[in-house]
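Chains A, B and C are the protein sequences, given in the same order. First residue of the first sequence: 1, per the numbering used here; consecutive thereafter. First residue of the second sequence: 264, per the numbering used here; consecutive thereafter. First residue of the third sequence: 677, per the numbering used here; consecutive thereafter. C-beta atoms are modelled at their ideal positions from N, C-alpha and C, and glycine is treated no differently. The model shown is predicted, which means the values in this text are computed figures rather than measured ones.
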Amino acid sequence: MSNNNLSVISLVSIGEHPTSRRPRRAEQDARAIELGIKLVGDNLQTLHAGELSDDDSQQTALRSYLGMGLAEINLLEMPENSDAVLVIAEHLKQKKPDIILTGVRAENGESSGMLPYLLAEQLGMAMVTSIAEILSVDEVNKQAEVLQALPRGQRRKLKVDLPFIASVDMAAALPRQSAFGPARRGQFEEILGTSFTDQESSEWQTADAKKRPKRLKIIKAKTAADRFKAATAKASGGGGKVVHGVEESAQAILDLLVEEGLV
Amino acid sequence: MSELFRRDPRAQWIARNRLHPMHQALVIGPVFGPSGLLRKNLHIIGFIGPNGLKRIDRSGASNDSEQGSRRSATASEVILPLHQVVEPAFYIVVVLDLVSGRLNGHDKDTLGLAQQLANRNNGGGAVVAIAFGELKDDSLNKAGVDRLIHINDEQYAHYNPEQRCNDLQGIIGELEPQHILLPDSINGGGDLGRRLAAALQQRPACGVWKLNDDTVICRGSAGKRDITRPLSKLLLVMEECSEPISETRHENILMSQASSPLANGKLFDQGNISVDPNAIPLAEAGFILSGGNGINDWEQFHHTASVLGATEGASRVAVDDGNMPRERQVGATGTWVTAQVYIAVGISGAIQHMQGIGQCDKVVAINTDEGCDMVKRADISAIGDSTEILARLVELVEQRKQAKQTNNEGDDK
Amino acid sequence: MSSSEFLSQFLFTLISFALLLMLVGAVKRMLLWSQGQSSTIHWLGLLQIPRRYLVDLHHVVARDKYMSNTHVATAGGFVLSSILIVLLYVFQLKLQILTWALLGSSLLMFVGSIFVMIRRRNPPPNLSLGQWQRLPKSLMVFSLSFFILTLPATGILPSDTGGWLLALLLVAGIIWGIGEMFCGMTWGGPMKHAFAGALHLGLHRRQERFGGGQSTGLKAIDLSSKKLGVEKPIDFKWNQLLSFDACVECGRCENNCPAFAAGQPLNPKKLIQDMVIGMAGGDDAKFAGSPYPGIKVGTHKGGAIIPIVNVLVESDTLWSCTTCRACVDACPMMIEHVDAIVDMRRFETMEKGQTPGKGSEILENLSATDNPNGFAPSTRMNWAADQNLTVFGHNEKKQEVTQADVLLWVGDAAFDMRNQRTLRAMIKLLRAAKVNFAVLGDAECDSGDLARRLGDEATFQRLANSNISTMNKYKFNTIVTADPHAFHCIKNEYGEFGGNYNVMHHTGFFAELVSQQKIKLDNSKELALTYHDPCYLGRYNGEYDAPRFLLESMGVKIKEMDRSKSTARCCGGGGGAPVTDIPGKQRIPDMRMADVIETKAEIVAVACPGCSAMLEGVVEPRPEVKDIAELMLDALIEGVVEDTAEVVVEDMVGGAV
Ligand code: SF4
Ligand code: SF4
């Protein structure tokens, strides 16, 4: 690794599986670690805000980051429902990392995706969202080149000044498998964080996500005929057009592609 | 302009009422009796000649056109009522995504929600839309924009969230809006909104999908939970958080705003990089050409994909047979895809495969077997020899590209 | 001094010296084995070596009649001759009867060696060449030399026949013969198999396999140990190292290995030989058998403390295995290939996190959702929404069910639309037979079979423990399942974690019901049908008869495939092979389907959800794939029990009170 002097910290949280709701390694955080390991190898530091839970499954989830080959995870102890941002910012101010990697948003709680932005603001660092890759880090000019993930597999190249915070998108390289042995042997290093409480969110109510009704295709009918048409139109997908013959087929497909703006 | 068929109730009533003096003039075309039988109205055949006698013209020259019971829709483009806010009591700011200079659905929904906020509790608020960069859309007035701030110069053609955030801070300082709304999207809104929140030290409500009086419901836990919380100043809203505006026109008055240049930007856009369609992970790809065991000529398949600029996919059998690498396999046992257009060539559609393409928007099947499951699912099915159809498709696309090129050259001259 | 006197004196020295050399070699070899990890030493097994050799080993060898007779003659002759030679020439017991016996035994051995020679004239590809081509010559020289040497002593020929010339020739022959047969035994020649093989038979890690028993469950490892799985040769148990040395390179494993036949880079014989190379150090250049398909011989080397994977053996080799046990079953030396492969996989998965293909995704799903495909655990029973099943624990009617005759183990087929058909058929059959059964519902987890074969012992143990603690809450007599993998796991592998149950595969259970007349099957249909033995039912659990009995009760005359019962070819679905998906020249299920087509059957009956998925994945047109439960349902004569559903439901509720 040529980036030996770079100080990179990845922030990890405990994720939650979308269907079973069990704790797990968060998918984006794991990708952030993967990116970090590729960048600086063993020099990657990992920080988790919160203490080691007594709950087995929570612990296993946190350990699964260790299973990716980390020697240790630093635990920033803080009382429950305190504001993680302030605690982490306080801690990171002393560490002065060059690059901080996080996921785009957490898998549980508010999952507002604000954390990296707030940290960037607090620490006066640049912030890049949804990166897929760090292409290069130029330690002399204090600049890095990153690829930002855009919808549909597109990528944008950005130059960003060091130090910076980057949130890592799902489009980044898949995280390596977490292995049981290293996960069991990895260490937790506990640091006491300062405490700032988060009053506001305790007043919110949360419930399981409701299925949102699918919006009907509203053809804002200016005429009764339109309304009628909209109401009776065949639901899309229910059996399509069938064309025979080479010429007709090719033309029909081309028309569709043109309509969808693909050619 | 649509050639809409508009009903004219009065004319229809006259047509039904045989005693109406204008009846004869209006009834043309087939008339069905109460029993459903076709009735010929002998009275209306022909016309009264100059000497007062009835004449029947068999030349067809003077056939009545079917204008009677129709009014052309062209004539009656509906003018929507104008919603005016003369003296705004307060402002609601909406920052638009404007993907390639146009409003998209998400923008419109956001404006819809903004109008709800501007008009609740006796209303009086004005929705100020903020547009960065090029603005090609002329339908802003119909989407609920009362006021427009348009900031545009060369740098806004690029990704410059820091500058935009800086501009927004200035605007917000001036207008002191009641609420600021951004689409919580990956097209810039989500990023910009969070930057703004951090800069303003405002806790935003993210993933808002419903407004209920003074509370909003947000999607939390990465979509698994609903959080009901008080309405906050900064709202990052989801698609379909509100109906878009459709029944009013708005003033869309341009407000002037100088952009204050930012000195210490830390992000520099180097432009989009061209992505080889086949380097796009299948799950993300927007346009997939997928091959199955009905393909005889794989060379041609690859060629077609590259001409169309499509990402290549494959059925399990094609992968098993070694024609395609494993990571290209689409289906429940391979990758679940979400393409906008999915072309399945020679894939009959095993259940696992159909599961995997469940999320695709438009499916095209090219197959010899009209009865296969893929054809049942597809929006367009081309029945025939895939080699020939693909060959012809490639030709057509290439012709089109050439035509475009010559056109462009023509423009340049 | 006459030539005969010289010979007898010389032989004393020579043989004593050879024996000494052999002893030194033996000690050296034992030191090699002792590098391995400790494991129980079954001393008593040593006493049983002759019995195991004559019964168990020959039971396997006898599948090839030619080789079996040849081996009896050669090995029998050799063992007898050796004893006599020692008695005659070392202990100098000059008894006439011994001399005659030696004459006979060496003749026997000579005859045997001729057959070995014939076999080796045009050796099939599964046999190794190289030093193994020398062996028949050595055998001949050894037996012939001693035969001729003994002739004068019996008085058939006058002593000193041939004079010095013959004596010299004999000396040369005997040195060659003894060098190969005695010293080679412990110094690494082809005869090593006799020495290591005998000890291996005695000290085998699975003593239960002898005397007709079975031991097929993988062995658990301690998850808190320093290293999980096998990284280097010395991480194997010492008796595993010993077992590798027992290989005779007969290639029977290679002949039966589906992965090898499919052109995947695995050859069980080479794998075992590579383990020997690893243990003793060196490279594989001298290996004279078939290579791993697609990998050149002579490109890998190893040593006792050098990591195996990707140095000595490519990881793809390990991950090609379907754990079908065809190799183990065919191996006359009773070597446990699957154990070795899984041991190495364990290190790859649990220490290196390098499960290939979709492995890592599947393992992550298993730990997050208890099923390999990541479906919500709460949807496990969705398939049975219309089945009105009795579920153990609290049900909707607020009744607590804690007891039933039969626990129906659903397995992951619950999430698979194809195999739900089988499950539905099973339920109808159980109801038709008025069986009082219940299911675990959402509390059931994957049996852990897949995780374990992919080397993730940790996930396996978690799943096993969770299933055991769920099942221990309820009372039932029998577990019945349609999934041979779950069947095997619960029956043979849960025991180590305190779960001991009476488990039956649905074919076994239904066979009982049919023979008790509780299910009546119509036997008038004529079906052109063949039956595919699932590895985990057949080779793993020895159940070949129940499915055939059921099919025959339906009036079917099974068109057996050439490879059926214990030599049945795997469908390619076991051991996580579809997950790791190592490319080969062809696909295993296609080969199996070709076997089916050869019988001209129109239906292939299966008894495993994995087999049905793999075989149905073969491109049509092909014979239809049907589970035996589905076939039974087609042939079920209803009305034997009328209005089954209600009756049974009530019964069950009654049973619960
Ligand atoms: S278990 Fe089966 S696949 Fe694995 S090596 Fe043995 S024969 Fe081959
Ligand atoms: S492992 Fe067994 S079957 Fe295979 S070659 Fe060696 S002795 Fe023969």
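Contact check, residue i vs residue j under 8 Å by CB: the rounded distance?
i: P1053 of chain C; j: I1038 of chain C; result: Between I1038 of chain C and P1053 of chain C the Cβ distance is about 15 Å, and since that is not below 8 Å, they are no contact.
i: M857 of chain C; j: F1023 of chain C; result: Not a contact, Cβ separation roughly 38 Å.
i: S484 of chain B; j: S111 of chain A; result: 5 Å
i: T775 of chain C; j: L815 of chain C; result: About 21 Å separates the two Cβ atoms, so there is no contact after all.
Compare the C-beta of residue i against all C-beta atoms of chain A and say whether one is closer than 8 Å.
i: R457 of chain B; result: yes
i: Q1137 of chain C; result: no
i: I691 of chain C; result: no
i: C469 of chain B; result: yes
i: Q603 of chain B; result: yes
i: L988 of chain C; result: no
i: E651 of chain B; result: yes
i: G323 of chain B; result: Low per-residue confidence applies at G323 of chain B: pLDDT is 49, beneath 50, and the placement is therefore not dependable, though the value from the model is reported in the following sentence. No, no contact with chain A.
i: F1225 of chain C; result: no
i: G1050 of chain C; result: yes
i: G1033 of chain C; result: no
i: T337 of chain B; result: In this prediction, T337 of chain B scores a pLDDT of 45, lower than 50, which makes its location untrustworthy; no coordinate-derived value is stated.
i: I1053 of chain C; result: The question names Ile, yet the displayed sequence has Pro at residue 1053 of chain C. True, the Cβ-Cβ gap to chain A drops below 8 Å.
Any beta carbon of chain C sitting closer than 8 Å to that of residue i?
i: H48 of chain A; result: no
i: A235 of chain A; result: Because A235 of chain A sits at a pLDDT of 46, beneath the cut-off of 50, its placement in the model cannot be relied upon, and the following sentence gives the value as read from the coordinates. No, its Cβ sits nowhere closer than 8 Å to a Cβ of chain C.
i: A250 of chain A; result: no
i: D255 of chain A; result: no
i: N556 of chain B; result: yes
i: G67 of chain A; result: yes
Helix, strand or coil, according to DSSP, for residue i in the structure here?
i: N1064 of chain C; result: coil
i: A235 of chain A; result: Here A235 of chain A scores only 46 on pLDDT, less than 50, and its place in the model is too uncertain to base an answer on.
i: M518 of chain B; result: strand
i: M1237 of chain C; result: coil
i: R482 of chain B; result: strand
i: I910 of chain C; result: helix
i: F1163 of chain C; result: helix
i: T998 of chain C; result: coil
i: A602 of chain B; result: coil
i: D675 of chain B; result: Per-residue confidence for D675 of chain B stands at a pLDDT of 48, beneath the threshold of 50, marking its modelled position as unreliable; the derived number appears in the next sentence. The answer is helix: DSSP assigns D675 of chain B an H, G or I state.
i: K157 of chain A; result: strand
i: F686 of chain C; result: helix
i: W311 of chain A; result: Residue 311 of chain A cannot be examined here, being either before or after the span of chain A that is shown, 1 to 263.
Against chain B, with Cβ distances strictly below 8 Å, would residue i count as a contact?
i: G1087 of chain C; result: no
i: E337 of chain A; result: For chain A, the structure presents residues 1 to 263; residue 337 of chain A sits outside this window and is missing.
i: S130 of chain A; result: yes
i: M1267 of chain C; result: no
i: L11 of chain A; result: no
i: K157 of chain A; result: yes
i: R1022 of chain C; result: no
### Query
Just checking, does the stretch 145–159 of chain A make contact with the stretch 116–126 of chain A on the three C-beta pairs under 8 Å criterion?
Flag = no, the stretch 145–159 of chain A and the stretch 116–126 of chain A do not touch.
### Message
Quick check: the stretch 909–927 of chain C against the stretch 748–767 of chain C, are at least 3 beta-carbon pairs closer than 8 Å?
### Response
The stretch 748–767 of chain C vs the stretch 909–927 of chain C: no contact.
### Task
Could you say if the stretch 241–252 of chain A and the stretch 624–642 of chain B meet the contact criterion of at least three C-beta pairs nearer than 8 Å?
Segments in contact, yes.
### Task
Determine, using beta-carbon pairs with one atom in the stretch 349–366 of chain B and one in the stretch 378–398 of chain B, whether at least three such pairs fall under 8 Å.
Yes: the two stretches touch, three or more of their Cβ pairs being nearer than 8 Å.
### Task
Could you tell me whether the stretch 451–467 of chain B touches the stretch 171–186 of chain A, where touching means 3 or more Cβ pairs closer than 8 Å?
In short, these stretches do not touch, since the Cβ pair count stays below three.
### Task
Inspect the CB distances between the stretch 875–893 of chain C and the stretch 717–725 of chain C and report whether three or more fall short of 8 Å.
Proximity of the stretch 875–893 of chain C to the stretch 717–725 of chain C meets the contact definition, three or more beta-carbon pairs being nearer than 8 Å.
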